[in-house]
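Here the sequence shown is numbered in my numbering, starting from 50 and rising by one per residue.
Everything below concerns the one structure shown next.
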Amino acid sequence: MKKAALVYALAAAFLALPVLAQQVSITVNGQPLALSPGPIERTGRVFVPLRGIFERLGATVVYSAGTINATKGSTTVQLRIGSTQATLNGQVQTLDVAPFIVGATTYVPLRFIAQSLGANVGYDNSTRVVSIEMAHGVPVPPPPPRPVPPPPRPPMPGPEVRLRNQRPVPDSEITNRFAVISAEFSREVFADSVRVWIDGANRTMQAGVSSTGFSFRPPAPMDFGSHTVRVAGRSRDGAGFDRSWSFRVAREPISLTINQPAPNAAVPREFTLSGSTAANATVRVTAGASPSSTGQFNGTTTAGPRGNFRLDVSLTTMPGQQTVTVRVTATDPVSLRSTETTLRLRLAP
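Right under this line is the structure:
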């Protein structure tokens, strides 16, 4: 019983494999078509190796990632391994059997390929001969290309084009929002080849460009934060270059001026502090017996629209204390930048 089961299993496996159509022969315009490996017959259809049939019928073929693309003149054919859908000149066609792969060879349906490329296909069942007739005959393979002499060695390129005297200085921080952006080239370039980008926007047409450098004046105030300048072009000997640098635009520090009392002035335990800073800034005043202490006063006020402020200070001093340190901090409500000043005063007896 075991032997019989093994025989049946081997027979079933053999029948499941594609049949090599050794008895089928193919002619193109009466001339035998030799294919290696040979045709395969599957479900009553003859399949042939991919490149052998396309190239014999005068088509160029590209195979990539399971997709077959063939072109002959204005005719295009596309098939996919394992798919019964094909495309002929952009129109979807349905195949009886999908292309498949055996070993290292891709097989395609002979009749569909030949008819798609303009050939007539006939089959003589008695002789098992597939005859393909091309309307214009079998294309003559082109002669092998003549060897092309190697091109002359290009001249050695000159030194690289670099940027120098960049403005603003690379990695610097500036407060002028209208600062001119410029640089010089380390060697002469073709001015027409130069392109200038600021933060990715092409500003070449607004920049002044020459063979030795470029300059760009912003037509509007630059945004606060980081900015990147990129310059590309070609040197006189044709070598390309692409250089860039960055800088930052920062808000100007806010001003803080104490009008009264004057430094080292003698003040009573209660006095008025006044000054000027940024418009609508928050002003915080602390006081202590030493620069590191602030426990003798803590108060806050808001500067007016013109930046003027005043605050009444009432000190809680210690017996025998002769001096007091007043620290004033102003914070701009727009930029949130702060500035600070310290005032050392004498206590009046």
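Glycine included, each C-beta is placed from N, C-alpha and C at the ideal position.
Exercise. Run through DSSP, which three-state label would Phe-227 get?
Worked result: Stepping through the sequence shown from its first residue, residue 227 is reached at position 178. Three-state result, Phe-227: coil.
Exercise. Where does Met-254 sit, in a helix, a strand or coil, going by DSSP?
Worked result: Taking the first residue of the sequence shown as 1, we reach residue 254 at position 205. Note: Met-254 maps to helix in three-state DSSP.
Exercise. Alpha helix (DSSP H) containing Leu-101: first to last residue?
Worked result: Translated into positions along the sequence shown, residue 101 becomes position 52. Residue 101 is actually Gly in this sequence, not Leu. Boundaries of the alpha helix (DSSP H) harbouring Gly-101: 99-105, taken from the DSSP string.
Exercise. Roughly how many whole angstroms lie between the Cα atoms of Ala-352 and Ile-223?
Worked result: The residue labelled residue 352 in the question sits at position 303 within the sequence shown. The residue labelled residue 223 in the question sits at position 174 within the sequence shown. Approximately 27 Å, taken between the alpha carbons.
Exercise. From Thr-125, Thr-176, Val-362, Thr-154, pick the residue whose C-alpha is nearest to that of Gly-399; which is it?
Worked result: Residue 399 lies beyond the residue range present for the chain, which begins at 50 and ends at 398; the question has no answer from this structure.
Problem set entry | alpha helix (DSSP H) segment containing Ile-162, residue limits | Residue numbering aside, residue 162 sits at position 113 when the sequence shown is read from its first letter. Where Ile-162 is concerned, the enclosing alpha helix (DSSP H) stretches over 159-165.
Problem set entry | Segments assigned beta strand (DSSP E), at least 3 residues, entirely inside the stretch 112-181 | 116-121, 124-129, 134-137, 140-143, 149-151, 154-158, 168-173, all fully within the stretch 112-181.
Exercise. Whole-angstrom Cβ separation of Leu-144 and Ala-153, contact assumed at under 8 Å?
Worked result: Against the sequence shown, residue 144 aligns to sequence position 95. Against the sequence shown, residue 153 aligns to sequence position 104. Distance from Leu-144 to Ala-153 at the Cβ level is roughly 22 Å; contact not present, criterion being Cβ atoms closer than 8 Å.
For this session: Might you give, ordered along the chain, the residues of its own chain that have their beta carbon closer than 7 Å to the beta carbon of Gln-164, omitting 5 neighbours on each side?
Result: Residue numbering aside, residue 164 sits at position 115 when the sequence shown is read from its first letter. Taken in chain order, the residues that qualify are Val-170.
Exercise. Measuring CA to CA, which of Val-111, Pro-268, Leu-364 is closest to Phe-320?
Worked result: Counted from its first residue, the sequence shown places residue 320 at position 271. It is Leu-364.
Problem set entry | Secondary structure of Asp-241, DSSP reduced to three states | To locate residue 241, count along the sequence shown from 1; it is residue 192. Helix.
Exercise. Leaving out the 5 sequence neighbours to the left and right, which residues in its chain are closer than 8 Å to Val-210 when beta-carbon positions are compared?
Worked result: As a first step, residue 210 must be located in the sequence shown, where it is residue number 161. Closer than 8 Å at Cβ, skipping near neighbours: Phe-234, Ser-235, Arg-236, Val-238, Gly-282, Ser-284, Ala-288, Phe-290, Arg-292.
Exercise. Which one of Thr-350, Phe-161, Gly-356 has the shortest CA to CA distance from Phe-96?
Worked result: Walking along the sequence shown from the start, residue 96 turns up at place 47. The shortest C-alpha to C-alpha distance from Phe-96 to any of Thr-350, Phe-161, Gly-356 is the one to Phe-161.
For this session: Pick out whichever of Asn-174, Phe-103, Arg-395 has its Cα sitting closest to the Cα of Val-316.
Result: By 1-based counting over the sequence shown, the position of residue 316 is 267. Out of Asn-174, Phe-103, Arg-395, Arg-395 has the C-alpha closest to the C-alpha of Val-316.
Problem set entry | Classification of Asp-381 by the beta-carbon crowding that lies within 10 angstroms, buried from 16 upward | Position 332 of the sequence shown holds residue 381. By the Cβ neighbour-count rule, Asp-381 is buried, with 16 or more other Cβ atoms within 10 Å of its own.
Problem set entry | Given 8 Å, three or more beta-carbon pairs between the stretch 250-258 and the stretch 294-312 | Judged by pairs of C-beta atoms under 8 Å, the stretch 250-258 does not touch the stretch 294-312, as fewer than three such pairs exist.
Exercise. Taking the alpha carbon of Val-383 as the point to measure from, which residue in Ile-150, Ala-330, Asn-174 has its own alpha carbon closest?
Worked result: By 1-based counting over the sequence shown, the position of residue 383 is 334. For the residues Ile-150, Ala-330, Asn-174, the minimum Cα distance to Val-383 belongs to Ala-330.
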